[in-house]
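I have placed the structure first, in the form of structure tokens, so that the comments after it can refer back to it.
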């Protein structure tokens, strides 16, 4: 199980970037044993995970720039 308070994966899938949430689902899940964040639905499908260097959940929820993660190498991991 994930340990620590930093988020190490962020979903940047276009379909998951809407400002209108379609679900009241969780925004956190575990990918490869580390915390992962999807603003849309962490338990859903169709994620495009990007590895972070460790970012707080507060920064992500306050509108951390998506472009920051688009340039990072893609992780071939899906739920």
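Residue numbers (the working numbering): 237 to 315.
Quick reminder that beta carbons are idealized off the backbone N, C-alpha and C, glycines included.
**Those residues which DSSP pairs with residue 264 across a bridge** = 273
**Asked** From residue 291 to residue 253, what distance separates their C-alpha atoms?
**Response** 18 Å
**Request:** Use the C-beta contact count for residue 278: other C-beta atoms within 10 angstroms, 16 or more gives buried, fewer gives exposed.
**Result:** buried
**Item:** Local conformation of residue 248 per DSSP, three classes
**Value:** coil
**Message:** Once the 5 residues before and after residue 241 are set aside, which same chain residues still bring their CB inside 6 Å of it?
**Reply:** none
**Asked** Hey, how far is the Cα of residue 299 from the Cα of residue 275?
**Response** 10 Å
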